[in-house]
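This report concerns only the one structure given below.
Numbering (our numbering), first residue to last: 21 to 175.
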């Protein structure tokens, strides 16, 4: 997994101690109502596109960047889905992170879905009824994205 340079620099100072980071979850829908998923290289599980925001980066810009970096799909952000502080996560190398997760619904506007970096091993479009199991916070974002009138979920 590509670790942002600012996180690498912080880790040289704090080691594996818990680090609060902001991240985005992009629920990307196409014109047929399908959902874009990536199969992660670290867990081999299907997931929505996610990523760490750079310092000072706006969430919508971060979602657009992350989706393109991981899938080569160009997106427009449509609306906020959820804001949630996640439980402590521990990476395989021992790094601990408290994620503030910002879910956004995005519409595909260009590009062709493909593996575009080393963070995933497969990329694909799924009908909502055939989406593999997702972590609870990602499943919540997907449910909210599929409802046109659902208000944003804020924990």
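C-beta atoms are modelled at their ideal positions from N, C-alpha and C, and glycine is treated no differently. No experiment lies behind these values; they were computed from the predicted model shown.
About 6 Å separates the CB atoms of residue 118 and residue 38; that is less than 8 Å, so the two are in contact. In the three-state scheme derived from DSSP, where H, G and I count as helix and E and B as strand, residue 69 is classed as strand. Within its own chain, the residues whose Cβ lies closer than 6 Å to the Cβ of residue 66, once the five positions on either side in sequence are excluded, are 57, 59, 152, listed in chain order. Comparing C-alpha distances from residue 142 to each of 166, 109, 68 shows the shortest one belongs to 68. If you look at residue 60, you'll find it in the beta strand (DSSP E) that goes 55-60. Within 10 angstroms of the beta-carbon of residue 121 lie 16 or more other beta-carbons, which makes it buried. Setting aside the 5 residues that flank it on each side, residue 116 is surrounded in the same chain by 36, 37, 38, 39, 108, 109, 110, each with a C-beta closer than 8 Å to its C-beta; the list follows chain order.
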